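There are 2 protein chains.
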Amino acid sequence: MADEPKHIVSSFEADLKKLRDMIANMGGLVERAVADASSALVNHDPELASRVIENDSRINTEQHNVEQFAVRLLALRQPVADDLRQVIQALKVVNDLERVGDYAANIAKRSIVINQVASNFPLAGLGQMARLVQQNLQASIDTVGESDPQKAIAVWRADQMVDDLYNTIFRELITYMMEDARNITACTHLMFIAKNLERIGDHTTNIAELTYYAITGENLPDFRPKGDVTSTYVHTTTN
Amino acid sequence: MADEPKHIVSSFEADLKKLRDMIANMGGLVERAVADASSALVNHDPELASRVIENDSRINTEQHNVEQFAVRLLALRQPVADDLRQVIQALKVVNDLERVGDYAANIAKRSIVINQVASNFPLAGLGQMARLVQQNLQASIDTVGESDPQKAIAVWRADQMVDDLYNTIFRELITYMMEDARNITACTHLMFIAKNLERIGDHTTNIAELTYYAITGENLPDFRPKGDVTSTYVHTTTN
Chain S
1 MADEPKHIVS SFEADLKKLR DMIANMGGLV ERAVADASSA LVNHDPELAS
51 RVIENDSRIN TEQHNVEQFA VRLLALRQPV ADDLRQVIQA LKVVNDLERV
101 GDYAANIAKR SIVINQVASN FPLAGLGQMA RLVQQNLQAS IDTVGESDPQ
151 KAIAVWRADQ MVDDLYNTIF RELITYMMED ARNITACTHL MFIAKNLERI
201 GDHTTNIAEL TYYAITGENL PDFRPKGDVT STYVHTTTN
Chain D
1 MADEPKHIVS SFEADLKKLR DMIANMGGLV ERAVADASSA LVNHDPELAS
51 RVIENDSRIN TEQHNVEQFA VRLLALRQPV ADDLRQVIQA LKVVNDLERV
101 GDYAANIAKR SIVINQVASN FPLAGLGQMA RLVQQNLQAS IDTVGESDPQ
151 KAIAVWRADQ MVDDLYNTIF RELITYMMED ARNITACTHL MFIAKNLERI
201 GDHTTNIAEL TYYAITGENL PDFRPKGDVT STYVHTTTN
């Protein structure tokens with residue numbers, strides 16, 4: 001690119017900035033979806049839940065727009081090195097964001113059922129998990145387009161607390177189901193809601209990994225150990 | 001590209017072929033992982049399950065290799081139009097395949113627990129669902145690099161049967177849990193296994209959509225309605 005006239009290079013910078021702005025905009029919609037879905041669950045607000053479900057198509061449209069723009073950038077600007085990495089990162093980040101939107105919509109759907117079948121069920125643990133997930137999601141979206149790899153690493157590590165909370169909630173829900181069969185339908189939905197939040201946490205770490213890669217050109221040194229241990233959970237009781 | 005010497009064009013064709021071969025190779029590993037995880041579950045074979053879990057890192061490595069190769073292609077060959085779409089498709093397909101590998105590993109993990117806590121549990125429905133998912137996955141991987149959009153549409157539609165089976169299995173598992181609290185741990189794992197298979201079905205339709213896009217340059221005309229209705233399931237009983 002060194003031999004090209006300056007206005008061409010600047011214009012590519014402008015394109016990259018537009019790409020980052022589009023991601024920030026989509027990220028804002030996704031953060032809002034997660035916050036609203038969590039609020040709809042904890043505050044038993046089926047109308048808010050319905051809005052989250054309706055708005056999911058806007059998130060999908062945004063993903064499509066970012067992809068179209070990124071592919072056009074690749075075709076017209078033919079970026080290399082750092083610039084190419086930034087465009088590839090954009091394509092992958094919006095893929096993660098779209099999935100987070102899907103999980104938020106699924107939480108919203110299930111929250112409507114919870115409201116019908118178990119409007120008095122204790123939801124404090126899930127509320128706490130949801131707040132933590134939202135914080136990490138926002139921090140990870142903020143790292144996109146920034147140049148501090150340490151910040152990306154910090155976000156990446158913060159997911160461990162989400163996993164720990166998930167494990168605790170999973171065990172509690174199994175216990176509730178054991179205690180009273182009438183809890184089973186609600187607890188099944190709550191279990192999938194917890195799993196959705198845990199998956200949102202995984203996508204959050206993915207975004208942080210992608211930022212790290214975009215900045216440094218390298219993958220994170222080792223894979224973060226998966227903190228979800230519920231796949232091998234066996235309930236034991238002394239009763 | 002029209003003015004370039006023929007050997008350059010041919011060499012890019014060779015690169016695209018290599019890319020397709022790499023995807024086919026990774027696809028083979030992923031198909032094998034799903035088949036082995038299902039077999040480990042249905043035939044109570046924890047050793048096979050352990051191999052699936054161990055082999056997941058090979059799938060991740062393959063994804064990484066395809067990505068590296070695709071990004072190098074973008075940087076060095078700077079493809080446009082159809083060629084660019086094929087490289088973008090490759091990047092996205094391997095993302096789906098990697099996720100399918102993760103789901104297979106998770107099924108394998110849970111199958112080990114099922115073997116410990118419920119070795120006599122009826123698994124015929126899950127076995128049937130797993131076979132259908134494997135068939136569709138193989139068909140969708142076969143469409144990559146082919147030029148028949150109708151074939152991609154057929155694969156895309158076939159997922160409806162997977163969703164129908166998932167809904168049936170979900171209802172059955174809730175009933176088992178209601179009948180006897182000692183079934184709860186096993187049924188919870190079986191529910192997540194069924195969900196994993198359903199998600200593999202979703203990634204299968206994604207791959208078919210990506211093939212359709214790579215061939216035609218257009219997205220599929222309308223979104224396939226999601227056949228998973230369990231998010232709004234409420235158990236009702238006359239007992």
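If you read the sequences in order, they're chains S and D.
Residues 1 to 239 in the UniProt record's numbering are what the first sequence lists, from first letter to last.
Residues 1 to 239 in the UniProt record's numbering are what the second sequence lists, from first letter to last.
C-beta: ideal position from N, C-alpha, C; glycine also.
Only a predicted model underlies this, so the values are computations on that prediction, with no experimental measurement involved.
7 Å CB neighbourhood of residue i in its chain, flanking five on each side removed
| i | result |
| --- | --- |
| R110 (chain D) | H189, F192, I193 |
| V113 (chain S) | H189 |
| E47 (chain D) | none |
Between the CA atoms of residue j and residue i - distance to the nearest angstrom
| i | j | result |
| --- | --- | --- |
| D163 (chain D) | G127 (chain D) | 14 Å |
| A216 (chain S) | D15 (chain S) | According to the sequence displayed, residue 216 (chain S) carries Thr and not Ala. Distance between the alpha carbons of T216 (chain S) and D15 (chain S): 21 Å. |
| M1 (chain D) | E54 (chain D) | With a pLDDT of 45 at M1 (chain D), under the threshold of 50, the modelled position of this residue cannot be trusted; read the value that follows with caution. When rounded, the distance between both Cα atoms is 44 Å. |
| D36 (chain D) | T232 (chain S) | 18 Å |
| L137 (chain D) | S10 (chain D) | 31 Å |
| E152 (chain D) | Q78 (chain S) | Checking the displayed sequence, the identity of residue 152 (chain D) turns out to be Ala instead of Glu. Taking the straight line joining both Cα atoms gives about 30 Å. |
| N239 (chain D) | M129 (chain D) | No answer about N239 (chain D) holds up, because its pLDDT of 38 lies below 50 and its placement is not dependable. |
| N120 (chain S) | K92 (chain S) | 40 Å |
| M26 (chain D) | N65 (chain D) | 10 Å |
| V140 (chain D) | N43 (chain S) | The residue you asked about is not Val; residue 140 (chain D) is Ser in the sequence shown. Roughly 42 Å separates the two Cα atoms. |
| L197 (chain D) | Y103 (chain D) | 8 Å |
| V34 (chain S) | I174 (chain D) | 27 Å |
| H235 (chain D) | A181 (chain D) | 16 Å |
| E218 (chain D) | P149 (chain D) | 11 Å |
| V52 (chain S) | R199 (chain D) | 21 Å |
| D45 (chain S) | L123 (chain S) | 14 Å |
| L41 (chain D) | E31 (chain D) | 16 Å |
| N115 (chain S) | W156 (chain S) | 33 Å |
| Q63 (chain S) | V94 (chain S) | 6 Å |
| N183 (chain S) | Q135 (chain D) | 37 Å |
| S39 (chain S) | N106 (chain S) | 14 Å |
| G101 (chain D) | T61 (chain D) | 12 Å |
| E172 (chain S) | A154 (chain D) | 43 Å |
| E179 (chain S) | M178 (chain D) | 11 Å |
| K195 (chain D) | V87 (chain S) | 33 Å |
| T230 (chain D) | T205 (chain D) | 19 Å |
| R131 (chain D) | F170 (chain D) | 17 Å |
| D83 (chain S) | D83 (chain D) | 20 Å |
| L76 (chain D) | L76 (chain S) | 14 Å |
Residues of its chain near residue i, where Cβ-Cβ distance is below 6 Å and the 5 sequence neighbours each way are ignored
| i | result |
| --- | --- |
| V117 (chain D) | T185, A186 |
| R85 (chain S) | A214 |
| G201 (chain D) | V133, D159, V162 |
| L220 (chain D) | E209, Y212 |
| I207 (chain S) | V93, D96, S140 |
The ligand FAD heavy atom lying under 7 Å from the CB of residue i
| i | result |
| --- | --- |
| K17 (chain S) | Only the bare structure without any ligand can be found here, which leaves the ligand FAD out of the picture. |
Within 8 Å, strictly: CB atoms of residue i and residue j
| i | j | result |
| --- | --- | --- |
| H203 (chain D) | D56 (chain D) | no |
| I59 (chain D) | E13 (chain D) | no |
| I23 (chain D) | A90 (chain D) | yes |
| L74 (chain S) | L74 (chain D) | yes |
| Y176 (chain S) | D228 (chain S) | no |
Contacts around residue i, its chain only, beta-carbon distance under 8 Å, and the 5 residues preceding and following it disregarded
| i | result |
| --- | --- |
| V168 (chain D) | The amino acid at residue 168 (chain D) is misidentified as Val; the sequence shows Thr. Around T168 (chain D): G125. |
| S50 (chain D) | A108, I112 |
Interface flag, residue i vs chain A, CB-CB below 8 Å
| i | result |
| --- | --- |
| R110 (chain S) | Absence of chain A from the displayed structure is noted, the protein chains being S and D. |
Start-end ranges of the alpha helix (DSSP H) lying completely within the UniProt domain "PhoU" (23-110) of chain D, minimum 4 residues
Qualifying alpha helix (DSSP H) stretches, in chain order: 46-77.
Are the segment 141-152 of chain S and the segment 200-220 of chain S touching, with three or more C-beta to C-beta distances below 8 Å?
Verdict: yes, contact present.
Closer than 8 Å is the cut-off here; do at least three beta carbon pairs connect the segment 58-75 of chain D with the segment 9-28 of chain D?
Short answer: they touch.
What are the uninterrupted segments assigned as alpha helix (DSSP H) that are 4 or more residues long and contained completely in the segment 103-173 of chain D, given in chain order?
The segment 103-173 of chain D contains these whole alpha helix (DSSP H) runs: 124-143.
Please go through the segment 177-227 of chain D and give each complete beta strand (DSSP E) segment of 3 or more residues, from N-terminal end onward.
DSSP runs (the beta strand (DSSP E)) wholly in the segment 177-227 of chain D: none.
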